[in-house]
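For reference, the structure is listed below as structure tokens.
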Amino acid sequence: MSEKQQTAISPRREEDFPEWYQQVIRAADLAENSEVRGCMVIKPWGYALWERMQAVLDGMFKATGHKNAYFPLFIPLSYLEKEAAHVEGFAKECAVVTHHRLELRDGKLVPAGELSEPLVVRPTSETIIGAAYARWVKSWRDLPILLNQWANVVRWEMRPRLFLRTAEFLWQEGHTAHETRAEAEEETMKMLRVYETFARDFLAVPVLCGEKSEGERFPGAERTYCIEAMVQDRKAIQAGTSHFLGQNFSKAAGIQFQSREGQLEHAWTTSWGVSTRLIGTLIMMHSDDDGLVVPPRIAATHVVIVPITPKDDSKAAILEAAENLASSLRSVAFHGAPLGVEVDSRDLGGGVKNWEWIKKGVPIRIEIGPRDLAQGTAAVARRDKGPKEKEFVPLAEIPQRATAMLEEIQATLLQRATQFRDANMVKIDTKEDFYKFFTPQNAAKPEIHGGFALTHWNGSTKIEEQIKTDLKVTIRCIPFDESLEPGTCPFSGEPSRQRVVWAKSY
RNA sequence: CGGGGCGUAGCUUAGCUUGGUAGAGCGCCUGGUUUGGGACCAGGAGGUCGGAGGUUCAAAUCCUCUCGCCCCGACCA
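Start counting the first sequence at 37; every next residue gets the next number (my numbering).
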């Protein structure tokens, strides 16, 4: 290559963020668009991220008393009709199965055998799980039911985007039923905190916790809570939600039980979920102009060893040293599991291999060449630092230093993300400043905008809608506690109890 | 679903206005030289020009329809 590229990913983030995002996914070999519109193929490197997320979250769900189960993909159309708000929320994006057979006519397969009742491919499972709970619950002694399912769901989206918005996506949905309102409310909040902890401690994603405004609420929920993150184009992304469903779905599905007092009562239910969108969040949160950056605690591969073998006579010794280092690294525990280590012994130039792993975001890259071997060292590079920053570390010290290094990377990523968010989150007290804040600095790149704005708000949905129309900005959440301070809503002049978070969102 | 842009090899694309049957760079394969920063030389594979109709002696190029992608709007995890 005559002219070396400045960065591995082109365009860079500030040039064209959406395109950069696509290129990172391709460079890291995470996923690709499928031949079916809106659907994606998640490739091994991307799926490994999901598997790690599943493993960690599943452990957290079990630790909070939940068990896994599985409910059908197909939901009778009539089930969806039972909850009015739910219908309104999901009807527009449902895939519907109407036939159960194909027949060959004039050389073409055509659907045949029309179903007596169409089946909806689940966009979410409240209704069908509700129906099951209705069968299972008779007495207060049957409660609570604390279940989770790992599944795919389908929402026929208009504008799909890899990981962020696809027609089919993978997620987990927790569904619980409780004896009392208080217990269900507690569950809703508990799981929100699980998500917050997971995002912060594993994904190095700092999130704001709060409640959704009425306009942003889950269809059918009494209250929706969320964790909200700011990615590098300063937009907000909802990374997880937890819903207090009140008795809406138990009334719709008939989840009734006899109480301790002998009364027939409706159960109180919750649901909560995170999806493969977390992968998109992760990408937009930490990746740079050289590609993906994977936080160590969610990485399946923590360390890659790249043998540099310029000469045949030293090749065998270098490969052996690399394998030896790999096995001693694999005996190191990182948060209770062995380190994931790969040795890239492919017969390619060192530069080529290095850049591949940089683009894939492996936290630690170790190069061993003839010079290292002679000195008993290896060149160690961290993904949170520049691609050319390398530290020469004695081979024997590498395993013992690896975990500390990974912890440092993890901490750095969280710190960077937090600083970025805080630097782009401002309190605003006048309508004029607010509109100014959300007006793009450069009309040619409208995706780069102010960030998060904290303002007072009188609670009016009308105001929220007006601002959405004017600026495409919405209330991302009404944060808990810290923002409780009386003030004046800059849009209405009316009194307000607290500030809310406004932003453009994914 | 509305507005705009774009579909030529795995990727980036030239050619299209002025129709004559496809070219490049990167990547890939083979051999060799190489290897601590995405290397070089030589040879090679790979395209029904998104798809379907139409106009024409002749279509990547002109016309119609259609599908897909990207951006904006509406919607969402």
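Using N, Cα and C, we set each Cβ at its ideal position, and we do this for glycine too.
These numbers were taken from a predicted model, which means no experiment stands behind them.
- The residue from Ser532, Phe474, Phe516 with its alpha-carbon nearest to that of Thr505 is Phe474.
- A contact between stretches requires three or more CB pairs, one per stretch, nearer than 8 Å, and the region 211 to 224 fails this requirement with the region 189 to 198.
- Contact between the region 150 to 166 and the region 227 to 236 is absent: fewer than three C-beta pairs spanning the two stretches fall below 8 Å.
- Boundaries of the beta strand (DSSP E) around Ser532: 531 to 539.
- A Cβ-Cβ separation of about 7 Å places Trp304 in contact with Gly282 under the 8 Å criterion.
- Counting along the chain, Tyr542 sits inside no alpha helix (DSSP H), nor does DSSP assign it H or E at all.
- By alpha-carbon distance to Ala447, the top candidate from Ala539, Pro331, Trp393 is Pro331.
- Secondary structure remark: continuous alpha helix (DSSP H) runs of at least 4 residues inside the region 252 to 320, in chain order: 284 to 289.
- Gly495 and Asp380 have their C-alpha atoms roughly 57 Å apart.
- Of the candidates Lys498, Asp420, Gly101, Lys463, Gly101 places its Cα closest to the Cα of Gly210.
- Relative to the Cα of Glu119, the nearest Cα in the group Pro255, Arg313, Glu50 belongs to Pro255.
- Val133 has its alpha-carbon roughly 37 Å from the corresponding atom of Ala539.
- Closest by C-alpha distance to Ala213, out of Lys174, Gln502, Met320, Phe527, is Lys174.
- In the DSSP assignment, the residues bridged to Val156 are Ile111, Val132.
- In this structure, DSSP gives Val329 a state outside helix and strand, which the three-state scheme calls coil.
- When Cβ pairs closer than 8 Å are counted between the two stretches, the region 59 to 68 is seen to touch the region 78 to 87, the count reaching three or more.
- Between the C-alpha atoms of Ile273 and Arg313 there is a straight-line separation of about 9 Å.
- Three or more beta-carbon pairs drawn from the region 390 to 401 and the region 329 to 344 are found closer than 8 Å, and the two stretches are therefore classed as touching.
- The C-beta of Lys248 has 16 or more other C-beta atoms within 10 Å across all chains shown, which makes the residue buried.
- Annotation for Pro159: Phe126, Glu129, Cys130, Val189, Val190, Arg191 place their beta carbon closer than 7 Å to its own, counting only its chain and skipping 5 residues before and after.
- Look at His102 here: in three-state DSSP terms it is coil, with no helix or strand label.
- Under DSSP, no beta-bridge partner is assigned to His338.
- In the DSSP annotation of this structure, the continuous segment of the alpha helix (DSSP H) that includes Val388 starts and ends at 386 to 396.
- Here Thr466 has Pro526 as same chain residues with Cβ atoms under 6 Å from its own Cβ, once five neighbours each way along the sequence are excluded.
- For Ala410, the closest of Gln502, Pro423, Phe428, Gly422 by C-alpha to C-alpha distance is Phe428.
- By the Cβ neighbour-count rule, Leu361 is buried, with 16 or more other Cβ atoms within 10 Å of its own.
- Note on geometry: alpha-carbon atoms of Gln294 and Arg177 lie some 9 Å from one another.
- Annotation: Gly290 to Leu151 spans about 26 Å, alpha carbon to alpha carbon.
- Residue Asp325 holds the alpha-carbon nearest to the alpha-carbon of Pro47 among Asp325, Ile404, Val72.
- When only Cα atoms are considered, Lys508 and Lys103 end up about 40 Å apart.
- With respect to the 9 Å criterion, Phe370 and Arg333 are classified as neighbours on the basis of their beta carbons.
- Of all alpha-carbon atoms in Glu356, Arg452, Val329, Arg197, the one lying nearest the alpha-carbon of Val342 is that of Glu356.
- Residue environment: Pro522 is assigned as exposed (fewer than 16 neighbouring CB atoms within 10 Å of its CB, all protein chains considered).
- In the DSSP assignment, the residues bridged to Met76 are Asn69.
- Cβ-Cβ distances below 6 Å link Thr497 to Glu250, Gly251 in the same chain, with the five nearest sequence neighbours on each side left out; the list follows chain order.
- Straight through space, the alpha carbons of Phe97 and Arg73 are spaced by roughly 33 Å.
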